[in-house]
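Participant: In full-length UniProt numbering, the protein residues as written are 1 to 339.
Ideal Cβ positions, reconstructed from N, Cα and C, are used throughout, including at glycine.
Small disclaimer: the values here were computed from a predicted structure and weren't measured.
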Amino acid sequence: MALIQSSNIQDNDNLEMLSHIEGPIVDSFYDAALLSWGKALEPPFPLLNSPARDAAIPCCEDNADNVCTVNGFEHLPEHTTKSPNYDIDINHEAQRVNGSVHPQGAETRTEAVTRHLTPNHSSIYTPQNSAWLSAINNAQHSILIQTPNMNAEPLLEPLLNAARRGVTVSCYLCLGYNDAGELLPFQNGTNEMIANRLYTSLQTEEEKSRLRVYYYVGKDQTRPIHNSFKMRSCHIKLMIVDEQIAIQGNGNLDTQSFFHSQEINVLIDSAVVCRAWTDLINRNQNTAKYGKASSKDGCWHDPETGELPPHSIGPVPGRFSWAKGAVGAVKRVRGAGGF
């Protein structure tokens, strides 16, 4: 059994989504955990015939010998497309993956993690990104997206092309989620900025009518609440295409998840599951009912006053938006908000 979810261990104001997965696919999630953390998990997780309640209380010293140390670390060549290296078991594979950022020779720790120079936006065709792009490019009649932020550049033109060819594109975004971080250089902007850009890129009203951007509205609310208030936010990561293909997990459709962060998702080909999940997310929020953005500027406006929600930045954050992002980053490090 595996639980695939969007949840962080903080941010209690978030609406989240969790899937209970069973079957052989669980082995893949288990392997991903072993590779990510570089641990053999000895002893392994308890099985159904050996419940955890009967086990002794674990002690960190019991497995101390299994942890690689700096001096005793064996260097294994990095596995790349140009220089493939395969291993005989999961233990060696985990050691190779984690060893790729271990200092080699006279390298310092800083030099080891910057061996490929500064982070860039070149890692487009990863399995996660390829699944998203393929689903969007092959959509025939509908795309439903729910994500905290949506600003990954390689996704924007495919979404526009989908709307142009007659596909209804519905995007449930969160108002103000991590705005400070999205205003930093190379992050590509906030949800309101991206929504405005998408709408202005479409030429006809018919095309714009097929692009439907919404901002998350809690089940007990009638309007979106900016994330800075930490009252009602949404952290679900879900894409449903043609009511047949669903991609769910913890990968955002933003620059960070698309190019830099390690995420894990599951792709399910099932009309039954897609219908159930669509009903589930709409039943637990009022986004589709009250959260529609204006096709004129991509922002939500009060239906009575026409005003933007409190703390909303709008489609144009100003000349010094990068400074706002820097201040937000400092606040985040200090534990005083920011992202």
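With a 10 Å radius around its C-beta and 16 neighbouring C-beta atoms as the bar for buried, classify Ile145 as buried or exposed.
Facilitator: It counts as buried.
Participant: In or out: Ser312 buried (at least 16 other Cβ within 10 Å) or exposed?
Facilitator: Answer is buried; the Cβ neighbour count reaches 16.
Participant: According to DSSP, simplified to helix, strand and coil, what is Lys82?
Facilitator: Lys82 falls in the coil class under three-state DSSP.
Participant: I'd like to confirm something about Asp27: is its beta-carbon nearer than 6 angstroms to some heavy atom of the ligand MG, or not?
Facilitator: Absent from the structure shown: the ligand MG. Ligands present: none.
Participant: When we look at the beta-carbon of Tyr125 and count the other beta-carbons within 10 Å, is it buried (16 or more) or exposed?
Facilitator: Exposed is the call here.
Participant: Go ahead and label Arg165 buried or exposed: buried means 16 or more other beta carbons lie within 10 angstroms of its beta carbon, across all protein chains shown.
Facilitator: Arg165 comes out exposed.
Participant: Report back the beta-carbon spacing between Ser7 and Leu18 to the nearest angstrom; my notes put them in contact at under 8 angstroms.
Facilitator: With 8 angstroms as the limit, Ser7 and Leu18 qualify as a contact, their Cβ atoms being about 7 angstroms apart.
Participant: Rounded to the nearest angstrom, how far is the Cβ of Cys274 from that of Ala293, given a contact under 8 angstroms?
Facilitator: Incorrect: roughly 24 angstroms between the Cβ atoms, too far for contact.
Participant: Taking the alpha-carbon of Gln244 as reference, which of Gly314, Ile268 and Asn151 has the nearest alpha-carbon?
Facilitator: The residue with the shortest Cα to Cα distance from Gln244 is Ile268.
Participant: Keeping to the same chain, check which residues put their C-beta closer than 8 angstroms to that of Val26; ignore five residues upstream and five downstream.
Facilitator: Here the set comprises Met1 and Ala2.
Participant: Comparing C-alpha positions only, which one of Lys296, His301 and Asn151 sits nearest to Asp310?
Facilitator: First, the residue type needs correcting, since residue 310 is Pro and not Asp in the sequence shown. If we check each option's Cα against that of Pro310, His301 comes out closest.
Participant: Any idea which residues DSSP pairs His235 with across the strands?
Facilitator: For His235, which the question treats as bridged, DSSP gives no partner whatsoever.
Participant: Buried or exposed for Phe259, going by 16 or more other Cβ atoms inside 10 Å?
Facilitator: Phe259 should be labelled buried.
Participant: Classify Ser201 as helix, strand or coil using the three-state DSSP reduction.
Facilitator: Helix.
Participant: Can you find the residues in the same chain that come closer than 7 angstroms, C-beta to C-beta, to Ala139, ignoring five residues on each side of it along the sequence?
Facilitator: Counting only Cβ-Cβ distances below 7 angstroms, and skipping sequence neighbours, we find Ala162, Val167, Val241 and Asp242.
Participant: If we require 4 or more residues per run, which alpha helix (DSSP H) segments fall completely within the segment 261–286?
Facilitator: Here the runs fully enclosed are 271–283.
Participant: Work out the CA separation of Leu198 and Ser134 for me, nearest whole Å.
Facilitator: If you take the alpha carbons of Ser134 and Leu198, they lie about 20 angstroms apart.
Participant: Using C-beta distances below 6 angstroms, list every residue in its chain close to Glu93, excluding the 5 sequence neighbours before and after it, in chain order.
Facilitator: Contacts found: Asp87.
Participant: Compare the beta carbon distance of Gly298 and Ala195 with 7 angstroms and say whether it is the shorter of the two.
Facilitator: In this structure, Ala195 lies closer than 7 angstroms to Gly298 by Cβ.
Participant: Enumerated in chain order, which unbroken segments of the beta strand (DSSP E) with a length of 3 residues or greater are wholly contained in the segment 153–220?
Facilitator: Fully enclosed beta strand (DSSP E) runs of 3 or longer: 168–173 and 211–215.
Participant: Tell me whether Asn12 is buried or exposed, calling it buried when 16 or more other Cβ atoms sit within 10 Å of its Cβ.
Facilitator: Under this definition Asn12 is an exposed residue.
Participant: Could you check what DSSP says for Leu76 in three-state terms: helix, strand or coil?
Facilitator: The answer is coil: DSSP assigns Leu76 none of H, G, I, E or B.
Participant: Alpha carbon to alpha carbon, how far is Thr305 from His20? Give it in angstroms, no decimals.
Facilitator: So the alpha carbons of these two residues sit roughly 44 angstroms apart.
Participant: Within 10 angstroms of the Cβ of Pro175, are there 16 or more other Cβ atoms? Answer buried if so, exposed if not.
Facilitator: The amino acid at residue 175 is misidentified as Pro; the sequence shows Leu. Leu175 is buried by the Cβ-count criterion.
Participant: Do the CB positions of Ile4 and Val272 come within less than 7 angstroms of each other?
Facilitator: Not a contact, by the Cβ cut-off of 7 angstroms.
Participant: Taking just the CA atoms, how far does Leu160 sit from Leu202?
Facilitator: Those two C-alpha atoms are separated by around 7 angstroms.
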